[in-house]
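Asks: Let me begin by handing over the structure; questions about it come next.
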Amino acid sequence: MPEILDQARTQVLGDGVGLDEAGVLAVLNLPDEHLPAALQLAHDVRMRWCGPEVEVEGIVSLKTGGCPEDCHFCSQSGLFTSPVRSVWLDIPSLVEAAKQTAKTGATEFCIVAAVRGPDARLMKQMREGVAAIKAEVDIQVAASLGMLSQEQVDDLVDMGVHRYNHNLETCRSYFPNVVTTHSWEERWETLRMVRDSGMEVCCGGILGLGETVEQRAEFAAQLAELNPHEVPLNFLNPRPGTPLGDRPVVEGKDALRAIAAFRLAMPRTILRYAGGREITLGDLGTRDGLLGGINAVIVGNYLTTLGRPATADLDLLDELKMPVKALSATL
């Protein structure tokens, strides 16, 4: 067995201490023949430090398209020629989406808006929407509304939003190649305020944006430093009309190597399958990832792309004897 896996068995599985950047890079560079051993070790780490339960989440976009930022992967930017156009969701539709999500067995419903940060109108709609959902649906409410002020962080806590998603998207050194209308540091500051508020931090990113393997390792180390409660792991699904619309899809084995490496960097974190897994991994790869460190999934569709049917994921979890995490007031 490669030295890095022996080290990880002692350090990560045995002591619960994640690999550093150099260790993550070593896992990302493992030859194909050692990938099954890396995935098995990552699964063992997940089972020891997180347990067998899988957290299931649905997401809905409260405000879609028309975003003023230039994230080069995103079809919701109003600066690109992608076919997504600006749409707002009304409160009854939001409640209905939460009800449908709860029917799948999901414990988490995330409200997302394609904005730089929320304005007064959006915060008002959030307050009304969260109150309406909580009155009718037994589900946790999370939010992803871009960059926040301290006052907005405090308002979300007061509404009862228990988790906030704000992805760093990629490592600090590569970020300027992906976004120019705001900085990595601005995102980090929002995450710091969220963490200090007591809300759970959900922060991940997208692999396959053009970053090097070294930069993927850098990204994993920076996420580990933030110590988020949850890391959604996306794989680029190139969107027509965006600057990254012609990028190749991440190779399945590279995606699985990344899943194992990120788990070994963050042994206690919820590591969630998010966008792009369908085209990167397919059904077999999805199974391999669930047996290689993943312990959460987004079910159904994503914001602007189609996902697997929720029943397909739930049937797979049942087949793998992985219980869906029960709803909890604290998660």
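First residue of the sequence shown: 1273, per my numbering; consecutive thereafter.
Ideal placement from N, C-alpha and C gives every residue a C-beta, glycine not left out.
Excluding the 5 residues flanking Arg1320 on each side, which residues of the same chain have their C-beta closer than 7 Å to its C-beta?
Replies: Taking the first residue of the sequence shown as position 1, residue 1320 is located at position 48. These residues qualify, in order along the chain: Leu1285.
Asks: When DSSP builds the beta bridges, which residues end up paired with Leu1505?
Replies: Taking the sequence shown and counting its residues from 1, the one referred to as residue 1505 is at position 233. Answer is Gly1477, Tyr1545.
Asks: Helix, strand or coil, according to DSSP, for Thr1576 in the structure here?
Replies: Mapped onto the sequence shown, residue 1576 falls at position 304. Reliability fails at Thr1576, whose pLDDT of 40 lies under 50, so the model's placement of it is uncertain and the value that follows must be treated cautiously. Coil at Thr1576, not helix or strand.
Asks: The beta strand (DSSP E) spanning Val1569 covers which residue range?
Replies: Residue mapping note: residue 1569 aligns to position 297 of the sequence shown, counting from 1. It spans 1568-1570 - the beta strand (DSSP E) in which Val1569 sits, taken as one unbroken run.
Asks: Buried or exposed: Thr1453, going by 16 or more other Cβ atoms within 10 Å of its Cβ?
Replies: Looking up residue 1453 in the sequence shown gives position 181. With fewer than 16 other Cβ atoms within 10 Å, it is exposed.
Asks: With the cut-off set at 8 Å, would you say Ala1584 and Phe1534 are in Cβ contact?
Replies: Here the question's residue 1584 lines up with position 312 in the sequence shown. Here the question's residue 1534 lines up with position 262 in the sequence shown. Not closer than 8 Å, so no.
Asks: For Lys1597, does the count of other Cβ atoms within 10 angstroms reach 16, so buried, or fall short, so exposed?
Replies: As a working mapping, residue 1597 is identified with position 325 in the sequence shown. Buried, by the Cβ-count rule.
Asks: My output table needs one value for Ala1309: the three-state DSSP class, helix, strand or coil.
Replies: On the sequence shown, residue 1309 is found 37 positions in, with the first residue counted as 1. The answer is helix: DSSP assigns Ala1309 an H, G or I state.
Asks: How many angstroms separate the CA atom of Ala1489 from the CA atom of Gly1524?
Replies: The count along the sequence shown starts at 1 and reaches residue 1489 at position 217. The count along the sequence shown starts at 1 and reaches residue 1524 at position 252. Cα to Cα, Ala1489 sits roughly 18 Å from Gly1524.
Asks: In or out: Ala1294 buried (at least 16 other Cβ within 10 Å) or exposed?
Replies: As a first step, residue 1294 is located in the sequence shown; it is residue number 22 there, counting from the start. Ala1294 is exposed by the Cβ-count criterion.
Asks: Starting from Gln1606, trace the beta strand (DSSP E) both ways and give me its first and last residue.
Replies: The structure shown does not extend to residue 1606, since the chain is modelled only from 1273 through 1603, so no value can be given for it.
Asks: Do the CB positions of Ala1370 and Ile1411 come within less than 8 Å of each other?
Replies: The residue labelled residue 1370 in the question sits at position 98 within the sequence shown. The residue labelled residue 1411 in the question sits at position 139 within the sequence shown. Yes.
Asks: Measuring alpha carbon to alpha carbon, tell me which of Met1273, Asp1278, Ile1542, Asp1316 ends up nearest Asp1304.
Replies: Against the sequence shown, residue 1304 aligns to sequence position 32. If we check each option's Cα against that of Asp1304, Met1273 comes out closest.
Asks: DSSP on Arg1540, reduced to helix/strand/coil?
Replies: Counted from its first residue, the sequence shown places residue 1540 at position 268. Coil at Arg1540, not helix or strand.
Asks: If I follow the unbroken beta strand (DSSP E) through Val1450, where does it start and stop?
Replies: Mapped onto the sequence shown, residue 1450 falls at position 178. From DSSP, Val1450 is part of no beta strand (DSSP E); its letter is neither H nor E.
Asks: Can Leu1277 and Leu1313 be called in contact, C-beta distance under 8 Å?
Replies: Within the sequence shown, numbered from 1, the residue matching residue 1277 stands at position 5. Within the sequence shown, numbered from 1, the residue matching residue 1313 stands at position 41. Contact: yes.
Asks: Short of 7 Å in beta carbon distance, which residues of its chain neighbour Ser1400, apart from the five on each side in sequence? Order them along the chain.
Replies: Stepping through the sequence shown from its first residue, residue 1400 is reached at position 128. The amino acid at residue 1400 is misidentified as Ser; the sequence shows Glu. Here the set comprises Ile1363.
Asks: Measuring alpha carbon to alpha carbon, tell me which of Arg1511, Arg1519, Pro1515, Gly1557 ends up nearest Ala1530.
Replies: Counted from its first residue, the sequence shown places residue 1530 at position 258. Cα-wise, what sits closest to Ala1530 is Gly1557.
Asks: Please state whether the Cβ-Cβ distance between Thr1282 and Leu1586 is less than 8 Å.
Replies: Stepping through the sequence shown from its first residue, residue 1282 is reached at position 10. Stepping through the sequence shown from its first residue, residue 1586 is reached at position 314. No, these two residues do not count as a Cβ contact at 8 Å.
Asks: Could you say if the segment 1412-1422 and the segment 1441-1451 meet the contact criterion of at least three C-beta pairs nearer than 8 Å?
Replies: No, the segment 1412-1422 is not in contact with the segment 1441-1451.
Asks: Please confirm if the segment 1508-1528 is in contact with the segment 1463-1470, defined as three or more CB-CB distances below 8 Å between the two stretches.
Replies: Because the criterion of three Cβ pairs below 8 Å is not met, the segment 1508-1528 and the segment 1463-1470 do not touch.
Asks: Could you compute how far the alpha carbon of Glu1423 sits from the alpha carbon of Glu1458?
Replies: As a first step, residue 1423 must be located in the sequence shown, where it is residue number 151. As a first step, residue 1458 must be located in the sequence shown, where it is residue number 186. Computed Cα separation, rounded: 16 Å.
Asks: Is it true that the CB of Ala1310 sits closer than 8 Å to the CB of Val1299?
Replies: Residue mapping note: residue 1299 aligns to position 27 of the sequence shown, counting from 1. Residue mapping note: residue 1310 aligns to position 38 of the sequence shown, counting from 1. Yes, Cβ-Cβ distance for Val1299 and Ala1310 is below 8 Å.
Asks: Comparing C-alpha positions only, which one of Arg1435, Val1521, Gly1482 sits nearest to Pro1504?
Replies: What you label residue 1504 is simply residue 232 of the sequence shown in a count that begins at 1. The option with the nearest alpha carbon to Pro1504 is Arg1435.
Asks: Here's the rule: buried if 16 or more other CB atoms are within 10 angstroms of the residue's CB, otherwise exposed. What is Ala1532?
Replies: What you label residue 1532 is simply residue 260 of the sequence shown in a count that begins at 1. Looking at its Cβ environment, which holds 16 or more other Cβ atoms inside 10 Å, Ala1532 is buried.
Asks: Candidates Phe1507, His1501, Leu1481, Thr1462: which alpha carbon is nearest Gly1389's?
Replies: The sequence position of residue 1389 within the sequence shown is 117, counting from 1. Of the listed residues, the one whose Cα sits closest to Gly1389 is Thr1462.
Asks: Going by DSSP, which residues form a beta bridge with Asn1437?
Replies: Translated into positions along the sequence shown, residue 1437 becomes position 165. Per DSSP, Cys1474.
Asks: My assumption, with CB atoms under 8 Å, is that Phe1345 sits in contact with Leu1479. Please give the rounded CB distance.
Replies: As a first step, residue 1345 must be located in the sequence shown, where it is residue number 73. As a first step, residue 1479 must be located in the sequence shown, where it is residue number 207. Actually they are not in contact, since the Cβ atoms of Phe1345 and Leu1479 sit about 11 Å apart, beyond 8 Å.
Asks: Under 8 Å by Cβ, that's how I've got Gln1487 and Ser1445 pegged, so tell me the actual separation to the nearest angstrom.
Replies: On the sequence shown, residue 1487 is found 215 positions in, with the first residue counted as 1. On the sequence shown, residue 1445 is found 173 positions in, with the first residue counted as 1. Right, the Cβ-Cβ distance comes to about 6 Å (below 8 Å), so this counts as a contact.
Asks: DSSP on Val1521, reduced to helix/strand/coil?
Replies: Here the question's residue 1521 lines up with position 249 in the sequence shown. The answer is coil: DSSP assigns Val1521 none of H, G, I, E or B.
Asks: For a test of the three-state rule: what should DSSP assign to Val1326, helix, strand or coil?
Replies: Within the sequence shown, the letter at position 54 stands for residue 1326. The answer is strand: DSSP assigns Val1326 an E or B state.
Asks: So, are the CB atoms of Val1522 and Asn1301 less than 8 Å apart?
Replies: Stepping through the sequence shown from its first residue, residue 1522 is reached at position 250. Stepping through the sequence shown from its first residue, residue 1301 is reached at position 29. Against a cut-off of 8 Å, the Cβ pair of Asn1301 and Val1522 comes out as no contact.
Asks: Tell me whether Glu1380 sits in a helix, a strand or coil according to DSSP, three-state version.
Replies: Sequence index remark: in the sequence shown, residue 1380 carries index 108 (1-based). In the structure shown, Glu1380 sits in a strand (DSSP, three-state: E or B).
Asks: When the distance is taken between beta carbons, is Val1402 closer than 8 Å to Val1367?
Replies: For the purposes of this step, residue 1367 is identified with residue 95 of the sequence shown, where counting begins at 1. For the purposes of this step, residue 1402 is identified with residue 130 of the sequence shown, where counting begins at 1. No, the Cβ-Cβ distance between Val1367 and Val1402 is not below 8 Å.
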